[in-house]
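Please read the structure below before turning to the comments.
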Amino acid sequence: LPIKWTAPEALKQGKFSNKSDMWSFGILLWEIYSFGRVPYPRIPLADVVKHVEKGYKMEAPEGCPPEVYEMMRQAWDLLPEKRPTFKEVKAKLAQLKVITV
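Throughout the sequence shown, residue numbering follows the numbering used here, covering 934 to 1034 in sequence.
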């Protein structure tokens, strides 16, 4: 499994869902706004899960709008039920598009 992109519950218990997909989407957003950097850049692969389980969240990429970073942080909530749905994120992104265009 791609450890840096996979939700903790999927790694630990094999629980895959829309909520674990949302975690991965948050990582993808981070990659996009960091111009393709590898997630968790200063953390060795063997330590990523340990850091994530302790609540570590990557910093906002330079130039990332605060509203987008907040979406990332919500997507990385350790409790899957607290992560947004794709419908909610789509609506927020549509709002941002209207504001920034």
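C-beta atoms are modelled at their ideal positions from N, C-alpha and C, and glycine is treated no differently.
Is residue i near residue j, with beta carbons less than 7 Å apart?
i	j	result
residue 997	residue 966	yes
residue 963	residue 940	no
residue 971	residue 936	no
residue 1007	residue 1017	yes
residue 1022	residue 1004	yes
residue 1013	residue 952	yes
residue 1009	residue 990	yes
Would you call residue i buried or exposed, if buried means 16 or more other Cβ atoms sit within 10 Å of its Cβ?
i	result
residue 960	buried
residue 1024	exposed
residue 968	exposed
residue 1019	exposed
residue 943	buried
Report the residue ranges of all alpha helix (DSSP H) runs contained in full by the region 955-991; include only those spanning at least 4 residues, in chain order.
978-986
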